[in-house]
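At position 118 of the sequence shown the residue is numbered 117 (numbering that gives the first Met the number 0), and the sequence of numbers has no breaks. In this text, a Cβ means the ideal position worked out from N, Cα and C, and glycines have one as well. Here the structure comes first, spelled out in structure tokens, and everything after it is commentary.
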Amino acid sequence: MNFKIGDIVYGKVSGIRTYGVFVKLDNTDEQGLIHISECKNGYVPNLERLFQIGQRIKVMVLDIDEYTSKISLSIRALEPVLYNKNHFHKKHYWTNYKHKIGFQTIADIKATWVKEAVKDME
């Protein structure tokens, strides 16, 4: 069966390693790998607590290596992304962005800076 990136498929867990979970995809002889970083959002201390051999799971095809035909899978891509509204702060301006003064403040003080620089050189 030909898979495409982004396809959502079902399969059974066929192996669990420290780096990820192997999944035999339904109705094919194909096997894919869910890397530990794609198992769920956040830290995963032990994959054996999340998965069991023979467990049927829903996964998304992330990548298919064109040379080796290895399939990379993800469960995390299927989970909704939860945002913390307090995490995104309003943009902080050091000046008042409502006043369109450009470089006027620098131009105003430039003469003073030049006088100080000349004085320091003497």
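Determine, using beta carbons only, whether residue i comes closer than 8 Å to chain B.
i, result
"D119", "Absent from the structure: chain B. Only one protein chain is present."
Among the options, which residue has its Cα nearest to the Cα of residue i?
i, options, result
"L61", "Q54, Q51 and H34", "H34"
"Q51", "D28, V20 and Q30", "V20"
"L77", "M59, K99, Y42 and E65", "M59"
"S71", "K11, E121 and V22", "V22"
"D25", "G53, I4 and K97", "G53"
"D64", "L32, I105 and K109", "L32"
"P79", "K39, I4 and Y9", "K39"
"G5", "R75, S36 and K99", "R75"
"G41", "G10, L81, K3 and D119", "L81"
"T67", "K97, K57, E29 and T104", "E29"
"K3", "K69, K11, I56 and R55", "K69"
What are the boundary residues of the beta strand (DSSP E) that residue i is part of?
i, result
"K118", "Where K118 is concerned, there is no enclosing beta strand (DSSP E), although the alpha helix (DSSP H) it sits in stretches over Q103 to M120."
"R16", "I7 to R16"
"Q30", "Q30 to H34"
"V58", "R55 to I63"
"G41", "Where G41 is concerned, there is no enclosing beta strand (DSSP E), given that its DSSP letter is neither H nor E."
"S71", "I70 to S73"
"S99", "For the sequence presented, residue 99 should be read as Lys rather than Ser. Per DSSP, K99 belongs to no beta strand (DSSP E) and is neither H nor E."
"K3", "Premise fails: K3 is in no beta strand (DSSP E) and is neither H nor E."
"L24", "G19 to L24"
Please classify residue i as buried or exposed, where buried requires at least 16 neighbouring CB atoms within 10 angstroms.
i, result
"H73", "Per the sequence presented here, residue 73 reads as Ser, with His not at that position. Flag for S73 reads buried."
"G101", "exposed"
"V8", "buried"
"E133", "Nothing can be reported for residue 133: it is not among the residues displayed for the chain, which extend from 0 to 121."
"E37", "buried"
Let's see if you can read the secondary structure: which residues bound the alpha helix (DSSP H) around residue i?
i, result
"R48", "L46 to L49"
Quiz item: Would you call the segment 11-20 and the segment 42-51 in contact, with 3 or more CB pairs under 8 Å?
Solution: yes
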